[in-house]
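Notes for the one structure printed next.
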């Protein structure tokens, strides 16, 4: 979407004199995409770390026999 907005801006700049308004709108659209990427990472980590059965099965496949639930809780 950001690339489409940028291409639209280039096209419109050649046709109109409203470049400042168009640039401001692009910043409003694009800036949240780049300033809040960590929210997605936190959601993924929270989902993975709450899947105790999945983590336990992976540890068993790796050959880890120790059970660290007493330390992690």
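In our numbering, the protein residues as written are 103 to 175. Idealized CB from N, CA, C, for every residue including glycine.
Our two residues, residue 161 and residue 153, have alpha carbons roughly 13 angstroms apart in a direct line. Inter-residue distance for residue 120 and residue 149 is about 45 angstroms (C-alpha atoms, whole angstroms). When rounded, the separation of the alpha-carbon atoms in residue 159 and residue 151 is 13 angstroms. Counting along the chain, the unbroken alpha helix (DSSP H) around residue 133 starts and ends at 121 to 137. Under the three-state reduction of DSSP, residue 165 is assigned to coil, being neither helix nor strand.
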